[in-house]
Amino acid sequence: TNTQTVLKEERTIKFYFQDGAPALTVAKLLEDNPSLSPYIHIEYEMEKSPDLLVTRILKEEADIAIVPSNLAATAYNKGLPYKIAGTATWGSFYLTSTEDIRGYGDLKGKEIYSFGKGLTPDLVLRYVLSENGIDPDKDVNINYLNAASEVGPMFLSGKTNLALLAEPLLTTVMMKKSDAKVILDLNEEWSKAADVKNGFPQASIIIKNELIDEDWEFVDKFLDAYEGSRLWAEENLEDLSLLAEEQGIGVLKETIEKGIIWNNLESFHIKDCKGEYEAYYNAIMDFEPEFIGGEHPDEGIYLQR
Amino acid sequence: MDKIREINKSFGKLDVLVNVSIDFPHGKTTCILGPSGCGKTTLLNIISGLWAEDSGNIYGFQGDIAYVFQEDRLIPWKNIEDNLRFVLRGKINKMEMDNIIDKYLKLVSLEEYKRYYPSQLSGGMRQRINILRAFIYPSNLIIMDEPFKSLDINTKQVLIDFCKFLREIYEKTCIIVTHDIDEAILLGHRIVILTDKPTTVKKIIEIEEQDNWIRLRTEIEREFTA
Amino acid sequence: MDKIREINKSFGKLDVLVNVSIDFPHGKTTCILGPSGCGKTTLLNIISGLWAEDSGNIYGFQGDIAYVFQEDRLIPWKNIEDNLRFVLRGKINKMEMDNIIDKYLKLVSLEEYKRYYPSQLSGGMRQRINILRAFIYPSNLIIMDEPFKSLDINTKQVLIDFCKFLREIYEKTCIIVTHDIDEAILLGHRIVILTDKPTTVKKIIEIEEQDNWIRLRTEIEREFTA
Amino acid sequence: MKGYTSKGKWHVTISIALTICIYMILSWVVGDEIILPTVRSIIENIVDIGKGPSFLRILGSSLYRSLWGFTISFLLAIVLAIISGVYGPIYYLISPTIKFLNSVPIIAIILLALIWLNSEMVPMFVGFVMVFPILFETVLKSIVNIDSNLMEMARVYKVKNFYIIKDIYMPSIYMGLMNILPSSIGLNLKMVISGEVLSQPKYAIGSNLQLQKMYLNTSGVFAWIVIILILGKVLEYLMRGLMRWIKLEK
Amino acid sequence: MKGYTSKGKWHVTISIALTICIYMILSWVVGDEIILPTVRSIIENIVDIGKGPSFLRILGSSLYRSLWGFTISFLLAIVLAIISGVYGPIYYLISPTIKFLNSVPIIAIILLALIWLNSEMVPMFVGFVMVFPILFETVLKSIVNIDSNLMEMARVYKVKNFYIIKDIYMPSIYMGLMNILPSSIGLNLKMVISGEVLSQPKYAIGSNLQLQKMYLNTSGVFAWIVIILILGKVLEYLMRGLMRWIKLEK
Ligand SMILES: Nc1ncnc2c1ncn2[C@@H]1O[C@H](COP(=O)(O)OP(=O)(O)OP(=O)(O)O)[C@@H](O)[C@H]1O
Ligand SMILES: Nc1ncnc2c1ncn2[C@@H]1O[C@H](COP(=O)(O)OP(=O)(O)OP(=O)(O)O)[C@@H](O)[C@H]1O
Ligand SMILES: [Mg+2]
Ligand SMILES: [Mg+2]
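Same order as they appear, the protein sequences are chains A, B, C, D and E. Take the first sequence: its position 220, counting from 1, is numbered 220 in our numbering, and each next residue is one higher. Take the second sequence: its position 33, counting from 1, is numbered 33 in our numbering, and each next residue is one higher. Take the third sequence: its position 176, counting from 1, is numbered 176 in our numbering, and each next residue is one higher. Take the fourth sequence: its position 116, counting from 1, is numbered 116 in our numbering, and each next residue is one higher. Take the fifth sequence: its position 184, counting from 1, is numbered 184 in our numbering, and each next residue is one higher.
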């Protein structure tokens, strides 16, 4: 490794992540901007739309990125040079209702508003329902909307009183509608059904192979620093909300301060949660293989630390 | 008797008609002569109710009016048969309509052009349709604005004869604007000569059967050159 | 000498011109008479190069052509001054243009209407502009399709005199279509009479200075009624 | 544009071929299935999609929404524009709403649209909001621009309003609309499909398109684009047929 | 439509007032800030937004994108349509691309657009794809429909092509475009804003609109709609001014 050090030139790498919960995990890191290597300078870029994030990966512009876990697999299967280093956020979908629903039996015959047909929310809902004896095609009637943000107003306006909501939207909705309650935490339900510990990995942090090969030391330091930033975010809600405002993160101050955005912050490193990924990808293979590019990614997708 | 009294009309600062009063006896033909641009068409448009006069009174002119416009005003997207039908529907029943259209078209030798569109006709042919449209339309009053222009002498003769025939049979009142003095003498019971703008009535000549053509002609021409 | 030889033209199944051959001597005026719809306008359009003949030959007709169209063909969104300018730009220099336009407009008593749009003019006024446009345009050949219709006798006289003046000064060749036999005799050096469709040349009459008007008139009228 | 017809066919064929050639070269140069997929994989995807069990149902549903939506916009535009054109004050009463529809981005009211309407209706609504103002203005302007000479003629001859509308207004409107109909039908289909992306009805081109996009299957996206192009062509033919049927075509 | 002008102003005011009244009653009946916010809270939001530090910059950026995009569509449409109108074969070469733009839903190529272009350009591109085919067709049809009598006249008098274009083509195109310009400018602004929602440039109405939507702040969404409406009005005035400046207006 000595020869490598000699060759190093100063350079800037790009770290892309999406607005919302992922951005909150980065906020502290961005604020401190610690110098992790004398040669590498990190440029932080927050993308507001998922499409833009996707194009950063496709064009291989990102050196580090937080992306939906299925996108990580798709990229890998399409031969793009990225590896999963850890889980940025765990599942945060909740079945919410104003009605009194206890247990899966009560769901029969109900109409559920959901979003992202053929995508993770759909997968998780269907998986959990069918593992608990509800046929998602026959026993319930699922209506889809395109984006998580469309579901909120539906629920608030009372057009539906049974809806799948995601954080941080859920907190916002609960603040505006006092009689709403969470009837199922799908991450928890998924853990039970799939027999894993942490639920499903919603967003993963991926790193470009080139960077890993070039400067392992930096990557290692970076992952530690990022983990620190995540943990800080959980413990310093007030400060976080100030940071978020400063950085233009699109989550309401009040929502952050209520602080129920997080699931399983402790589990981050890929080595601790390969099982969760395997379960997630397996479920997708049964559901719609196209969603991760047609095949189950091999071991090579995981970063060996 | 239809009549207009003290009609005034101006366009902006341009005074066109000033205190024009004319009588139009029933069943008679009044010819209007006057310099180009003096307001003859304007007068006809006022009489037919299309344009509003600025002041003055109009008496009579009840019932349907047929109008041979100075331009042909045919509907470009309808063939000539349908152009004629356009003004007849609701006034004549269907079967009669076909008959009469054929008969009239034959009269002006256009029976073969029934299905032609206006753009496919010559200027004179379009003008003949313009005239036919007025003749075919059941009315008490026919207004004609230079009807016989663009026509060769034979066609003109046919139409003039037909015009006379119609007005005798149906006792139609006619108002004809023309620049042709012979035509005016031939067709008119009365000839109204207008001045140039601001336009007033210069002279009204009643034509009697026994009047001498040459004398009348010279009299009218004198009015123009004066 | 400009000439056309064996010109044929039909629209679909309708044969319009059949083997029409006519000479147009330089500096002379040829008047064309013929029944309405016989193909006079078609012939003019072929001579001016606007429409293609089906077969036949056209010799001569070099240089610029001025054309008084049967309809006025004024540009509706331009006032009359700009309508005249439209055909003059690039042919006369700016200053001269203003002068000549004023002069010509005065001649037909339209100097006050320079800024009027075509829709604000009477039919006769529009026709005068149509004629002026051709007179004002520098050309060897003037083609006129019923130029003096819609004009009162005084205006007509002014324009006829002017026409004569122009053709003498500039030795212009003129082709005039008309339905008025007197006009044809007055203006033409030669009179071409066409038959009805399918149209051929029926008779060509050369007019000599000493010819008797009445005799000529009767001769031409006979051709029509025959 | 007539007279080109036989030469025209040639030009069309050649230019489509040319466009495809250029695309093939481009995709070969780029060499990345995700950015510009090869023609081969697009065709494979079309075949796959075509073989799918509910393919016809998907097409039919989108087509149905598009046709209905357009018919409604069309009829409403004609009726309202005639009323506004004939009776001025009505124009001023309708115009703020038209202006509103004309200016407000659909993205902004999609929230409300989703709440007000069911997911089948939202795509039609999206198409309506885009297409209606265009049709309305075109019809209105055609009416206002009608040759006043002809109207005077009809008035003198006391032609009944019914016939004035049928024989003067309608053809004028027709000629005005002709200028804009093909592109507004295309626009409508486009917007209905966008609406489907937002409201995700069960059977819909938009829903499927979005899915392919989320799966990063660019060939699939292109395959759907090709299908949409063909559908657009079919719509155009239907339209032509309809127009010939109305017999207003000269 | 002339002659109404003074009465017209009245009608507009009355009908806007009426529309607002109806809205107030509706929002009062519904009584839910999320479905139909009250006029009061909308106004409060507008004031808040207006006070924001980069408000003018946001407006300016969107307006800038919209104007540029429209200018490009407009000029390109005129140039290409004149070429196609005058020289037939060119029409057949251009038409597949026009057809393509006309039929393909922007949502389908947005991924590619994002890859090809930067986020400042995407909104313009979205507007372009919508508006260009409409303008192109309108211009083309105006050219094809030019009174052939006038063209013959110009040819006989050997008027130079430059003047034929300037004095016959341009006014005809102008009159054709008048029918469609206001709605297509509106359409363009609408589409640019939708494009901004997708590409999220830093200063943009679309980005802010989306943010309000994410916050479930319906009053904020309405506030932006009102701002967009006003902007549309301003655009219209600019356009009118421009047209008067070109002095083509009779
Ligand atoms: N575009 C066209 N399509 C079909 N037929 C046409 C067309 N133009 C002219 N015709 C026919 O050609 C014939 C001659 O027309 P033309 O206009 O030359 O007559 P004309 O001698 O000028 O008559 P007029 O004295 O009435 O002006 C007419 O029968 C007319 O119907
Ligand atoms: N819409 C209008 N706007 C302004 N002026 C007009 C309008 N219509 C007519 N005029 C003017 O009114 C006068 C008379 O026009 P009118 O058409 O009645 O004349 P006319 O006697 O019929 O002439 P002609 O014999 O040439 O047809 C003209 O000077 C014309 O310029
Ligand atoms: Mg007149
Ligand atoms: Mg003729």
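Even glycine gets a Cβ: it sits at the ideal position worked out from N, Cα and C.
- For residue 271/A, the secondary structure class from DSSP, reduced to helix, strand or coil, is helix.
- In this structure, the C-beta of residue 122/C approaches ligand 3 to less than 8 Å from one of its heavy atoms.
- Take residue 85/A, set aside five residues on each side of it, and the residues of its chain with a beta-carbon closer than 7 Å to its own are 205, 206, 207, 223, 270 and 303, in chain order.
- Distance between residue 125/A and residue 72/A, taken at the CA atoms: about 21 Å.
- Following the DSSP letters along the chain, one finds residue 10/C inside the beta strand (DSSP E) bounded by residues 2 to 11.
- Taking the Cα of residue 75/A as reference, the smallest distance to any Cα among 60/A, 148/A, 89/A and 213/A is reached at 60/A.
- Taking 9 Å as the cut-off, the Cβ atoms of residue 135/E and residue 42/E do not count as close.
- Counting only Cβ-Cβ distances below 8 Å, residue 125/B has contacts in chain C at 36 and 37, in chain order.
- Assignment of residue 126/C by DSSP, reduced to helix, strand and coil, places it in the helix class.
- Three or more beta-carbon pairs separated by less than 8 Å are not found between the region 46 to 59 of chain C and the region 120 to 139 of chain E, which leaves the two stretches without contact.
- Taking a C-beta distance under 9 Å as the contact criterion, residue 82/E and residue 139/E qualify as a contact pair.
- In summary, no residue of the region 77 to 94 of chain B has a CB separated from any CB of chain C by less than 9 Å.
- Interface residue (Cβ-Cβ distance to chain C less than 9 Å): residue 150/B is classified as such.
- Around residue 159/D, the beta-carbon contacts reaching into chain B at under 7 Å are 86 and 87.
- For residue 31/C, the number of other beta carbons within 10 angstroms of its own is at least 16, and it is reported as buried.
- Taking a contact as a CB-CB distance under 8 Å, the pair residue 45/A and residue 15/A counts as one, their CB atoms being some 7 Å apart.
- With a contact defined as Cβ atoms closer than 8 Å, residue 201/E and residue 61/E qualify at about 7 Å.
- Between the region 182 to 198 of chain D and the region 123 to 138 of chain A, the count of Cβ pairs shorter than 8 Å is below three; the stretches do not touch.
- In the structure shown, residue 62/C falls within a coil segment according to DSSP collapsed to helix, strand and coil.
- Nearest Cα to residue 164/E within the set 85/C, 112/C, 5/C and 137/C: 85/C.
- Residues of the region 211 to 238 of chain D that bring their beta carbon within less than 7 Å of a beta carbon in chain A comprise 211, 214, 215, 216 and 217, in sequence order.
- Not one heavy atom of ligand 4 is found less than 8 Å from the C-beta of residue 13/C.
- Scanning chain A for C-beta atoms nearer than 9 Å to the C-beta of residue 32/E yields 156, 157 and 158, reported in chain order.
- Per DSSP, reduced to three states, the secondary structure at residue 218/E is helical.
- Within the region 110 to 193 of chain C, the complete beta strand (DSSP E) runs of at least 3 residues fall at 141 to 145 and 173 to 177.
- Beta-bridge pairing by DSSP links residue 46/A to 17/A.
- For residue 224/C, the neighbours in chain B by C-beta distance under 9 Å run, in chain order, 152, 153 and 154.
- For residue 20/C, the uninterrupted beta strand (DSSP E) segment begins and ends at 14 to 24.
- Any Cβ of chain E closer than 9 Å to the Cβ of residue 75/C would place that residue at the interface, and such an atom is present.
- Non-local beta-carbon contacts of residue 156/A in its own chain, meaning distances under 8 Å to residues more than five positions away in sequence, involve 173, 176 and 177 in chain order.
- With fewer than 16 other Cβ atoms inside 10 Å of its own Cβ, residue 246/A counts as exposed.
- Non-local C-beta neighbours of residue 195/E in its own chain, meaning closer than 6 Å and more than five positions away in sequence, comprise 122, 123 and 126, ordered along the chain.
- From the beta-carbon of residue 48/B, the residues of chain D found nearer than 8 Å are 156.
- Residue 43/C sits buried, since 16 or more C-beta atoms from the chains shown fall within 10 Å of its C-beta.
- For a Cβ distance threshold of 9 Å, nothing in chain E lies close to residue 46/D: the least Cβ distance comes to about 14 Å.
- Among the CB atoms of chain D, one or more fall inside 9 Å of the CB of residue 65/B.
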